[in-house]
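Participant: Attaching a single structure in structure tokens format; questions to follow.
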Amino acid sequence: MRYVDEFRDRAKADVLVKEIERLLAHTGRDQDRPLQIMEVCGGHTHTIFRYGVEGMLPKSIELVHGPGCPVCVLPMGRVDDCVAIAEHPEVIFTTFGDAMRVPGSRRSLLQAKADGCDVRMVYSPMDALALARQNRDREVVFFGIGFETTMPSTALTVLQAEREGIKNFSIFCNHITIVPTIKAILDSPDLRLDGFLGPGHVSMVIGDAPYEFIARYYKKPMVIAGFEPLDILQSIWMLLRQIDEGRCEIENQYARVAPAGGNAVALQAVAQVYELREFFEWRGLGSIDHSGVKVRDAYAGFDAERKFAVPNARIADPKSCQCGEVLKGVIKPWQCKVFGRACSPETPLGALMVSSEGACAAYYQYGGIKRGRDETEASVA
Amino acid sequence: MNMVSFPPRRSRGTVHVPTVTLAHGGGGKAMKDLIDDVFVEAFDNPLLAPLDDQARIDLLDLAQYGDRLAFTTDSFVVDPLVFPGGDIGKLAVCGTVNDLAVGGALPLYLSCAVIIEEGVSIDFLRQIARSMAATAQEAGVKIVTGDTKVVNKGACDQMFITTTGVGVVAAGVELGAHRARLGDAVLVNGLLGDHGAAILGARGDMALQSPIESDCAPLQGLVASLLNAAPNTRFMRDPTRGGVATVLNEIAEAAQVAIEIDEAVTPLRDEVRGFCEILGLDPLYLANEGKIVAIVPPDEAEQALEAMRAHPLGRQAAVIGSVVAGESGRVTMRTIFGGRRIVDMLVGEQLPRIC
Chain A
52 MRYVDEFRDR AKADVLVKEI ERLLAHTGRD QDRPLQIMEV CGGHTHTIFR
102 YGVEGMLPKS IELVHGPGCP VCVLPMGRVD DCVAIAEHPE VIFTTFGDAM
152 RVPGSRRSLL QAKADGCDVR MVYSPMDALA LARQNRDREV VFFGIGFETT
202 MPSTALTVLQ AEREGIKNFS IFCNHITIVP TIKAILDSPD LRLDGFLGPG
252 HVSMVIGDAP YEFIARYYKK PMVIAGFEPL DILQSIWMLL RQIDEGRCEI
302 ENQYARVAPA GGNAVALQAV AQVYELREFF EWRGLGSIDH SGVKVRDAYA
352 GFDAERKFAV PNARIADPKS CQCGEVLKGV IKPWQCKVFG RACSPETPLG
402 ALMVSSEGAC AAYYQYGGIK RGRDETEASV A
Chain E
1070 MNMVSFPPRR SRGTVHVPTV TLAHGGGGKA MKDLIDDVFV EAFDNPLLAP
1120 LDDQARIDLL DLAQYGDRLA FTTDSFVVDP LVFPGGDIGK LAVCGTVNDL
1170 AVGGALPLYL SCAVIIEEGV SIDFLRQIAR SMAATAQEAG VKIVTGDTKV
1220 VNKGACDQMF ITTTGVGVVA AGVELGAHRA RLGDAVLVNG LLGDHGAAIL
1270 GARGDMALQS PIESDCAPLQ GLVASLLNAA PNTRFMRDPT RGGVATVLNE
1320 IAEAAQVAIE IDEAVTPLRD EVRGFCEILG LDPLYLANEG KIVAIVPPDE
1370 AEQALEAMRA HPLGRQAAVI GSVVAGESGR VTMRTIFGGR RIVDMLVGEQ
1420 LPRIC
């Protein structure tokens, strides 16, 4: 299949793996002191597991699976708010499918649906707006979730609703921003990372400039990476080349999709509709300053938080959860006390077990091989 | 069976209204007319004709086919009722026929219980009944008993169908997941995931136009050729809900073996691959309605593959993997990229109401 198979070419992968091994030999890193690279984005985590990329890499490279899965980092209190909105009898609550199973403190949206709430899965906020057009006597709420990648489409939908004068549509805004979050990880005292794979689809919107501080102040290299397995390998190779040559820059491997300056139209829509929140609560990471956005006063009529009495209660993460340590690369998913026991994809306790892009869920589903390799040295890869 | 019995000499009833109403489930003349005009008309056969509360089947007749009765049931709630490549009627016959066939049984008789929401058009009901009749004929089975219920608007989504089937297993045919052994080949009879992708496309909520048709088909003929060519076949299952990934996990679990498949040789239609790429689905978990997964001993794998490929429903059959040494109960896949990953059971579901 064109535009797909070229990016999964095994022969090219073999060449890259050899180059990675050669560069790594230069750095003097070994299994006992591995090079730790964080892929920030859940999409990368998924690709890495889906294609078995980690098993192809030398053992002296350790991939740390970052916080870039918006479903995973959604705190329980916000899920409770979703359910509270959905409980209004006039509401049609619309959401992307993977947010349906995220547990709240009482129940998930999937359970709320089973209990009679009108919760519907959509593939785009525009589908939600279409529902509002067709159901003028109902209140249609779209669950806005995601990083800068999905922020513009929600913003453009609000602008479209305004143009059409649709009054029965609003968004429950849970959009979050990646930069303050990376900063929070970089500021954590137990940080051990050597470099980052940057989220390519966020850069498609914001470009590469917002990451400059990572190289400049924190002296960590970053390569903005695409989502096919060859993209991942090439990005790791680019990162190693920087380390080998003693450079520390923000490089863009995903130039075919992510332009240096980002997408001006998308950024304009985002700036028009949202403003930064003072802080936003993350599952596993706690409260991070300026890490979320809310709807501006000018669009208050489209803001579900103002339209409905949202309880906005803060619910602490379960005590047994070690998602924060996994996110920062301090422990591996299976080293968590509850991994695979109290916390599994059927009954997730922690953020990282919730979505297929979460590191723990990915390990649970695809990762036994890597884990076996690391733990017993009985290599099957 | 809730069909009213009536003197055989009486003429068949006819429905004179355009839609099904609660009266058609009332047990009286309206119901008799509906059953006569729609179901008896379509299924017409001597065992059904008396319209007694049960069909009576001669044991000696059954015994000529083998020494064990196979018995299965399945309910069908697919949404939408008509989709590219089939409809709920065809699916209801294929599903039960295939459940019998993969057990090594020759499918012979089906029952058909229909729950209808008031307001469904008689013409549509007729269309579904005829689809069932045509598929039954193709599968060599007879629909010999049934039941009709009509429920209030909203109590079901247009129509649910339950079919129960009986078949006979020939003497000497022994199939079981636990019989899988190290070195056995894993075969499928063609392109995977078509049904799941077709249903998803037909729902229309994706705003994706796709030419993908369901693979829905009765497999008794293909299974017979396979068993003829590879008599020591260990096990077969039709990978419906949960797809091939789920069936392989069930086999690995039951036999306490490890299974490895190879992504590069797993047959997939480009359209299905594209569909999955766009929607973030894994084709290994998509439903099939005209496929089997067969575990065959290594020395019979070649004949098995040839037999499948010689059959119209197996042209693109492939050996996709084998039973290997490794952690028992574990299914893995060599990826096209050269890596290796675990193929686990599906958690929750990719899609509701696909069959």
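Top to bottom, those sequences are chains A and E. So for the first sequence, this note's numbering puts the first residue at 52; every next one is plus one. So for the second sequence, this note's numbering puts the first residue at 1070; every next one is plus one. Don't be surprised by glycine CBs; every beta carbon is placed ideally from N, CA and C. Keep in mind the model is a prediction, meaning the values are calculated, not measured.
(1) Three or more C-beta pairs closer than 8 Å, one from the segment 235-252 of chain A and one from the segment 84-100 of chain A: is that the case here?
(2) Does T1165 (chain E) get closer than 8 Å to chain A when you measure Cβ to Cβ?
(3) Looking at the unbroken alpha helix (DSSP H) that takes in L1353 (chain E), where does it start and where does it end?
(4) Considering only residues of the same chain and omitting the five flanking positions on each side of A1324 (chain E), which have a CB-CB separation below 6 Å?
(5) Identify, in the order they occur along the chain, each residue of the same chain with its Cβ nearer than 6 Å to the Cβ of V192 (chain A), setting aside the five sequence neighbours on each side.
(6) Let me make sure I understand the geometry here. Which of E:V1213, E:A1161, E:G1155 and E:V1089 has the alpha-carbon closest to that of P1115 (chain E)?
(7) Can you confirm whether I1281 (chain E), when its beta carbon is compared against all beta carbons of chain A, has any partner nearer than 8 Å?
(8) Which of the three DSSP states is assigned to P1115 (chain E) in this structure?
(9) Which of the three DSSP states is assigned to Q87 (chain A) in this structure?
(10) What does M52 (chain A) reach in chain C if we use C-beta pairs closer than 9 Å?
(11) Going by DSSP in three states, E1282 (chain E) sits in which element: helix, strand or coil?
(12) What whole-angstrom Cβ distance do L1288 (chain E) and D1307 (chain E) have, given they're in contact under 8 Å?
(13) With distances taken Cα to Cα, identify the nearest neighbour of K164 (chain A) among A:A181, A:C387, A:H139 and A:V256.
(14) Measuring alpha carbon to alpha carbon, tell me which of A:R59, A:E332, A:P176 and A:P126 ends up nearest I99 (chain A).
(15) Hey, out of E:V1292, E:V1146 and E:T1302, whose CA is closest to C1225 (chain E)'s CA?
(16) Using three-state DSSP, classify A309 (chain A) as helix, strand or coil.
(17) So, for I265 (chain A): in the same chain, excluding its five sequence neighbours on each side, which residues have a beta-carbon less than 6 Å away from its beta-carbon?
(18) Look at P109 (chain A) and I71 (chain A) and say whether their C-beta atoms are less than 8 Å apart.
(19) By DSSP, does M366 (chain A) sit in helix, in strand, or in coil?
(20) Which runs of the alpha helix (DSSP H), 4 residues or longer, sit entirely within the segment 1165-1201 of chain E?
(21) Just the chain A side, please: which residues come within less than 7 Å of D1413 (chain E) by C-beta, in chain order?
(22) Which residues in chain E have a C-beta closer than 7 Å to the C-beta of G106 (chain A)? List them in chain order.
(23) Taking DSSP as the reference, what is the three-state secondary structure of L400 (chain A)?
(24) Classify M52 (chain A): buried if its beta carbon has 16 or more other beta carbons within 10 angstroms, exposed otherwise.
(25) By DSSP, does R171 (chain A) sit in helix, in strand, or in coil?
(26) What residues in its chain sit with their C-beta under 6 Å from that of A1267 (chain E), if we drop five residues either side in the sequence?
(27) DSSP three-state call for E332 (chain A): helix, strand or coil?
(28) Determine the chain E residues that contact P154 (chain A) at a beta-carbon separation under 8 Å, and present them in chain order.
(29) In chain order, what residues of the same chain have a beta carbon less than 8 Å from the beta carbon of T201 (chain A), not counting five sequence neighbours either side?
(30) I'd like the span of the alpha helix (DSSP H) that includes C133 (chain A), first residue to last.
(31) Applying the 10 Å Cβ sphere with the 16-neighbour rule, what's the burial state of T398 (chain A)?
(32) Using the rule of at least 16 other Cβ atoms within 10 Å of the residue's Cβ for burial, across every protein chain shown, is L1337 (chain E) buried or exposed?
(33) Which residue spans inside the segment 225-309 of chain A form an unbroken beta strand (DSSP E) run of at least 3?
(34) Can you list the residues of chain A that I1104 (chain E) reaches, using a CB-CB cut of under 9 Å?
(35) Rank A:I217, A:S342, A:V324 and A:L210 by C-alpha distance to the C-alpha of D348 (chain A) and give the top, closest one.
(36) Using alpha carbons as the reference points, say which of E:L1117, E:F1112, E:V1086 and E:D1113 lies closest to D1102 (chain E).
Facilitator: Considering the structure as presented:
(1) Yes, since at least three Cβ pairs between the segment 235-252 of chain A and the segment 84-100 of chain A fall closer than 8 Å, the two stretches touch.
(2) no
(3) In this chain, L1353 (chain E) is not harboured by any alpha helix (DSSP H), its DSSP state being neither H nor E.
(4) Once the five neighbours on either side are set aside, the close Cβ partners of A1324 (chain E) are A1246, H1247 and A1249.
(5) I136, V142, F144, S221, F223 and A355
(6) E:V1213
(7) Output row for I1281 (chain E): interface = no.
(8) coil
(9) strand
(10) Checking the listed chains, one finds no chain C in this structure; the protein chains it contains are A and E.
(11) Coil.
(12) 7 Å
(13) A:H139
(14) A:R59
(15) The residue from E:V1292, E:V1146 and E:T1302 with its alpha-carbon nearest to that of C1225 (chain E) is E:V1146.
(16) coil
(17) The beta carbon of I265 (chain A) sits closer than 6 Å to the beta carbons of K271 and M273 from its chain, once the five residues preceding and following it are set aside; these are given in chain order.
(18) yes
(19) A quick correction: the sequence has Ile, not Met, at residue 366 (chain A). Looking at I366 (chain A) - three-state DSSP - the assignment turns out to be coil, as it is neither helix nor strand.
(20) Qualifying alpha helix (DSSP H) stretches: none in this window.
(21) Residues of chain A passing the Cβ test: Q416.
(22) G1408 and R1409
(23) coil
(24) exposed
(25) R171 (chain A) falls in the strand class under three-state DSSP.
(26) F1152, P1153, G1154, I1281, E1282 and S1283
(27) strand
(28) The contacting residues do not exist; P154 (chain A) stays about 13 Å from chain E at best.
(29) The residues are P121, G195 and H226.
(30) M127 to A137
(31) exposed
(32) Here L1337 (chain E) is buried: its Cβ has 16 or more other Cβ atoms, across all protein chains shown, within 10 Å.
(33) 246-250, 273-276 and 301-303
(34) Ordered by position in chain A, no residue passes the 9 Å Cβ test against I1104 (chain E), which lies about 35 Å from the chain.
(35) Ranking A:I217, A:S342, A:V324 and A:L210 by Cα distance to D348 (chain A) puts A:V324 first.
(36) E:V1086
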